[in-house]
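Note sheet for the following structure.
There are 4 protein chains.
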Amino acid sequence: MLSFECDYNTGAHPKLLEALARTNLDPQPGYGEDEYCLRAARKIREACRAPEAAVRFLVGGTQTNQVVIAALLRSYEGVLSAVTGHVNGHEAGAIEYSGHKVLTLPQHLGKIEAGELRAWLETYFADEACEHMVRPGMVYLSHPTEYGTLYTRAELEAIAAVCREYRLPLFLDGARLGYGLMSRAAELTLPDIAALCDVFYIGGTKCGALCGEAVVFPKGNAPEHFTSIIKQHGALLAKGRLLGVQFDALFTDGLYFEAAKNAIDKAERLKELFRDRGYAFFLDSPTNQQFVLVPDETVKKLEGKVRFSVWEKPDREHTVLRFCTSWATTDEDIDRLAELL
Amino acid sequence: MLSFECDYNTGAHPKLLEALARTNLDPQPGYGEDEYCLRAARKIREACRAPEAAVRFLVGGTQTNQVVIAALLRSYEGVLSAVTGHVNGHEAGAIEYSGHKVLTLPQHLGKIEAGELRAWLETYFADEACEHMVRPGMVYLSHPTEYGTLYTRAELEAIAAVCREYRLPLFLDGARLGYGLMSRAAELTLPDIAALCDVFYIGGTKCGALCGEAVVFPKGNAPEHFTSIIKQHGALLAKGRLLGVQFDALFTDGLYFEAAKNAIDKAERLKELFRDRGYAFFLDSPTNQQFVLVPDETVKKLEGKVRFSVWEKPDREHTVLRFCTSWATTDEDIDRLAELL
Amino acid sequence: MLSFECDYNTGAHPKLLEALARTNLDPQPGYGEDEYCLRAARKIREACRAPEAAVRFLVGGTQTNQVVIAALLRSYEGVLSAVTGHVNGHEAGAIEYSGHKVLTLPQHLGKIEAGELRAWLETYFADEACEHMVRPGMVYLSHPTEYGTLYTRAELEAIAAVCREYRLPLFLDGARLGYGLMSRAAELTLPDIAALCDVFYIGGTKCGALCGEAVVFPKGNAPEHFTSIIKQHGALLAKGRLLGVQFDALFTDGLYFEAAKNAIDKAERLKELFRDRGYAFFLDSPTNQQFVLVPDETVKKLEGKVRFSVWEKPDREHTVLRFCTSWATTDEDIDRLAELL
Amino acid sequence: MLSFECDYNTGAHPKLLEALARTNLDPQPGYGEDEYCLRAARKIREACRAPEAAVRFLVGGTQTNQVVIAALLRSYEGVLSAVTGHVNGHEAGAIEYSGHKVLTLPQHLGKIEAGELRAWLETYFADEACEHMVRPGMVYLSHPTEYGTLYTRAELEAIAAVCREYRLPLFLDGARLGYGLMSRAAELTLPDIAALCDVFYIGGTKCGALCGEAVVFPKGNAPEHFTSIIKQHGALLAKGRLLGVQFDALFTDGLYFEAAKNAIDKAERLKELFRDRGYAFFLDSPTNQQFVLVPDETVKKLEGKVRFSVWEKPDREHTVLRFCTSWATTDEDIDRLAELL
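Heads up: the protein sequence lines correspond to chains P, S, H and A, in order. Take the first sequence: its position 319, counted from the start at 1, is 301 in my numbering, and no numbers get skipped. Take the second sequence: its position 306, counted from the start at 1, is 288 in my numbering, and no numbers get skipped. Take the third sequence: its position 68, counted from the start at 1, is 50 in my numbering, and no numbers get skipped. Take the fourth sequence: its position 254, counted from the start at 1, is 236 in my numbering, and no numbers get skipped.
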């Protein structure tokens, strides 16, 4: 069945499988100390133009958010996030399980805003009772956001400036970073992000890998004893090579960007296709997730023929459906969807 | 370089890579609800002769120990383990990070003993102040143990009987279960283990998979909302298929057992080779880990030619080296080691 | 200096000090098993008309909220609270430190509303992805609220009905319960609360004791091994008698109610005094906390002569000040405040 | 009934009750910012000859151990303690609840030994796999120990030297510190302890207060935002004055030492009394806890006439009973015990 349900519904880009097969019998040390991890780290440092960066590989998004946030916060600190941030709503309490509160900021199409961040911080520190409240310890944002939207360079610079002023590390969740970088509306490059953030990750799982997220501390500022922290969270892979080999392949000859670009190209075709047929969009997403307002009748017709995500129900007669593209989406998939509509 | 360093130094059994390649483009739902996970679960239920078993797939050993233990214990309970148990010494505090104490029992070549377990429990419950102490909430053991040793059927039955009497779930860590099942000294079968334990896992990472552990609740007794618990630990894989496809392959045509048998056969040859040359063994291991007492001079000669693990230093002139075999160890590897010695 | 800063600025009602002195040399077992705790529990059961109630004494409010919530929730559950609830904003993350998320509901003068609670739950359980979100495990409310407001009987009944329907325990934070019971607007009695809630506490610290909160499980439904849970939180007092003696005295001859009534009477005089002078109120509080809109000039004049809490700044020229009364407030205090105004 | 059960079976020294009554109506700010806390801190700094010390008051022993340990450790660190340490065995897992492992050292009459501590640390840091194990982050000891024994000056100096070498904070649990200071065998003074330890506490609960422990960071080295940490543990008392007033009284005119001296004098009489009657001691305790080997027949005769603690059962015919004295023990109590024997 035709599937636009999510960007993790197929396996890995074939070149990753080839790399896994090619390196399969080469004996390597465990726990991320293999040469593939080292090589992938090197390539990522280059791509980020961050020669001092520390790069570590983790398995999935929630795990990465949990490990990074727990590693950076002191026990009495919380993480500031848009109320729609993945860490706030869709991680089954993984952040709180680590003992930390998610402090919420308003969202604007999934994004936080520098002025509101500053206002929150001013109010907090002006409060005489602030010691009785959770102290803000870092800022979390995702790029692209939950809604597929992107920060402009000016927006991220403004947020980074507030973070520096308040000495709060800025953490960018890049579970779908590839799509953010290759969007036709993209302003921010990988070096930009490395320059502005204190830690971020380059998502593999949702951008063509079987699993894996590359965590980057651009100034070599990984927390002390980070390996122990990772292990303590059950997140240290014995065969770390599985992640190293994949990221090595993704950062060879621009594969990561090429794979993401395919998703963007297909998303643009998909957008056009819906636009041409008069569909309205729930919001304007420049990346691989498209949120379309679909009459309930049409939804029924599509069911059983194409897979999508039901996002929300804005009124009695319509549903917002999310259609995702990925490295694996083909022009033929889009054509078949066009026929169905 | 020749490598007997560990059983996770190569990739996956080629048939697993083939299965991943074959299924790669088939769109599937995420989070372990794909058909490969379902099929692998079905095959595992059959192999365990446990038709009601709930089977879930996690990524690695520490993660599995953390998730299962945290899921089964109430906040005020601890887990009983041999003092040498992996959860006590080698998981960077992953159990304590989840809020639970590891309560330690004496070890005998890595094994706990039913009589000592009973004595511990009797003493605990006889203590008037026991409410001020951590309440035992489950029993953990590994099979094979950290030392490669195995429980006999009688031993495991005796432990299981004490557990039932005290209503403590019995959890068997099977990170290396394949080697335990295929050992020439093996008494316990997979159905035995399913009958005696409340929860156990079938290790993939150390037995031929890229990653993955299959957690089995033989009586369908998975904790309520186990998916949320897994997610909360950052342990829910978006592309759960990665685990499903591998375990489906491992439990097709007995591949899991065949791969483990290779490791056992090679370990027996390796044992013979050392024995023939007059080496003493630190202990008698019937599985894929062999602990050999090696003169320090020989250790120096071997370094740079073959990889092994340094286990401990029993006296001034000898070192205990651990040599591991795996699905990937070949007769040629053993021959080359023979030449080096 | 005249002080209306809070309701915990003086020591204990003199009768409590007398009781402590009277019982001082009587040797008693520790950890709350003394006869004073037992007697206080008996009197509280009577006052609640809850003959099966389990009653336990803890030291302070945040501690009680943390212990009760952690004791009732499973690891993957969160607690529903008004966004203004004490557990959400003013406990330095004590709930999250225990691993649980505070799930927020809108507030109406500090209160939650049954319809909104039901709507939240319906939305949650209708969401296909709800396993990826924090599961609601109990409902928290305070009475009086952070704003001194009270639930009507109908309001609490409606909330309790939703809780029963969804099998969520209802927890009432009664840190200031005495004032809620003795308010002239009070509809809910102690037996009402015992009938409608699954657990609540009768605040001592803010109602005339040196310290202490009496936790009541009206149906004898205290969590198993609650003593261990209390101890694990560092909340088990060795000299539990300190709490028992005080609550025994508070529930002898209606002292708890009498002490609270004094605070209410003085608050009513204070309210009148401000009203007569044309001050507006930030909101209409029927209990011992009064929130008055004061011109900033007047605020300056009062400073150094009377202590109060600065609540918030609604506009450029006014400040909301909170004035609290307690068992210790005298008519003379009110007279002196009148003179200052 | 005659009671030697524990040192927290009566209320507070009468002078503390007087001080509470005398200061009762004086309005003071909450949360430990009252003038009594400030004054008590000043007096404690003087008694410790530690003019830069930060002094904070907490409620009880387990709470203090939990808060101090959690405040000093990073998430991946554990606390080293004698296997018999209170934090290891008798706090219902309060340390683990905070996420930290208790790493155990051998005990010698309840004490740890500098050489063994150093050996443990050397072994740990020599292990290539130490990142997979819990990193030692501080050293915990109690003085007096669980067995009433005392460290000599040389012993504590040696331990402190190892701690400095490995940059591990040294934490001394002084729940019964008064008895340690006033023991006839005492070598260590309060200034000695302040000079050698990084943090310690002066026990109030077991040394004459209703509740309360004074935590001392001798070099002013309290953790940043310690108030938030205390609050987060539910350990911040609203009426902090309760602790301040008591410690102010205890450190006025040497009352703390005087109260402890009474316990020591009575313990010496009690020891003599048993010795004269030919009883053997389980161990030689120089403080207020005496461990006497009593024939089971005698135990039966004593039951119902005098309260004591049953410590352990070394053989079939004897029981080790613990007899405790306190500030409240009188010569008459000892005489009556003599009669019973």
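Every residue, glycine too, gets a C-beta built ideally from N, C-alpha and C.
My guess is that residue i and residue j are in contact by the Cβ rule of under 8 Å, so how many angstroms apart are they, rounded?
i	j	result
residue 179 of chain S	residue 154 of chain S	5 Å
residue 173 of chain H	residue 31 of chain H	4 Å
residue 63 of chain A	residue 122 of chain A	4 Å
residue 61 of chain S	residue 198 of chain S	At roughly 18 Å, the Cβ-Cβ gap does not stay under 8 Å, so residue 61 of chain S and residue 198 of chain S are not in contact.
residue 310 of chain P	residue 7 of chain S	6 Å
residue 290 of chain A	residue -13 of chain A	6 Å
residue 274 of chain S	residue 41 of chain P	Not really, about 34 Å apart at Cβ, beyond 8 Å.
residue 185 of chain P	residue 160 of chain P	7 Å
residue 66 of chain H	residue 221 of chain A	The Cβ separation is near 24 Å, so there is no contact.
Leaving aside the five residues before and after residue i along the sequence, list all residues of the same chain whose C-beta is less than 7 Å from its C-beta, in chain order.
i	result
residue -9 of chain H	-15
residue 316 of chain H	248, 251, 252 and 255
residue 259 of chain A	323
With 8 Å as the threshold, decide whether the Cβ of residue i is near any Cβ in chain A.
i	result
residue 9 of chain H	yes
residue 192 of chain H	yes
residue 248 of chain H	no
residue -15 of chain H	yes
Excluding the five sequence neighbours on either side, which residues of its own chain have a C-beta within less than 6 Å of the C-beta of residue i, listed in chain order?
i	result
residue 294 of chain P	302
residue 232 of chain A	238
residue 100 of chain S	144
residue 308 of chain A	-11 and 245
residue 215 of chain S	49
Enumerate in chain order the residues of its own chain whose CB-to-CB distance from residue i is below 8 Å, with the five nearest sequence positions on each side excluded.
i	result
residue 162 of chain H	125, 126, 132, 156, 168, 170 and 269
residue 313 of chain H	248 and 251
residue 218 of chain S	13, 14, 209 and 212
residue 165 of chain H	126, 132, 246, 268 and 269
residue 129 of chain H	66, 91, 92, 265, 267, 271 and 273
Does residue i have its Cβ less than 8 Å from a Cβ in chain P?
i	result
residue 108 of chain A	no
residue 189 of chain S	no
residue 232 of chain S	no
residue 280 of chain S	no
residue 197 of chain S	no
residue 298 of chain S	no
Looking at chain H, is there any beta carbon in it that lies within less than 8 Å of the beta carbon of residue i?
i	result
residue 52 of chain S	yes
residue 111 of chain P	yes
residue 6 of chain A	yes
residue 21 of chain A	no
Using beta carbons (cut-off 8 Å, strictly below), is residue i in contact with chain S?
i	result
residue 287 of chain P	no
Against chain S, which members of the segment 204 to 219 of chain H pass a CB distance test of less than 7 Å? Answer in chain order: 207, 209, 210, 211, 213 and 214.
Contact set between the segment 78 to 102 of chain A and chain H, restricted to residues whose Cβ is under 8 Å from the partner: Answer set for the segment 78 to 102 of chain A: 79.
Runs of 3 residues minimum, wholly inside the segment 113 to 161 of chain P: which ones carry the beta strand (DSSP E) assignment? 117 to 124 and 152 to 155
Give, in chain order, every residue of the segment 58 to 74 of chain A whose Cβ lies closer than 9 Å to some Cβ of chain P. 58 and 59
Scan the segment 113 to 128 of chain A for residues whose Cβ lies nearer than 9 Å to a Cβ of chain S and list them as they occur along the chain. 113, 114, 115, 116 and 117
Select from the segment -10 to 2 of chain S all residues with a C-beta closer than 8 Å to any C-beta belonging to chain P, and list them in chain order. -10, -9, -8, -7, -6, -4, -1 and 2
What residues in the segment 31 to 46 of chain P have a beta carbon less than 8 Å from any beta carbon of chain S? 41, 42, 43, 44, 45 and 46
Which parts of the segment 244 to 313 of chain H are runs of the beta strand (DSSP E), unbroken and 3 residues or longer, counting only runs that do not cross its ends? 271 to 277, 291 to 294 and 300 to 306
Enumerate, from N- to C-terminal direction, the unbroken alpha helix (DSSP H) stretches of 4 or more residues contained entirely within the segment 190 to 234 of chain S. Entirely contained in the segment 190 to 234 of chain S, the alpha helix (DSSP H) runs reaching 4 residues are, in chain order, 208 to 214 and 223 to 232.
Ignoring anything shorter than 3 residues, give me the beta strand (DSSP E) runs that lie fully in the segment -9 to 29 of chain H, in order along the chain. none
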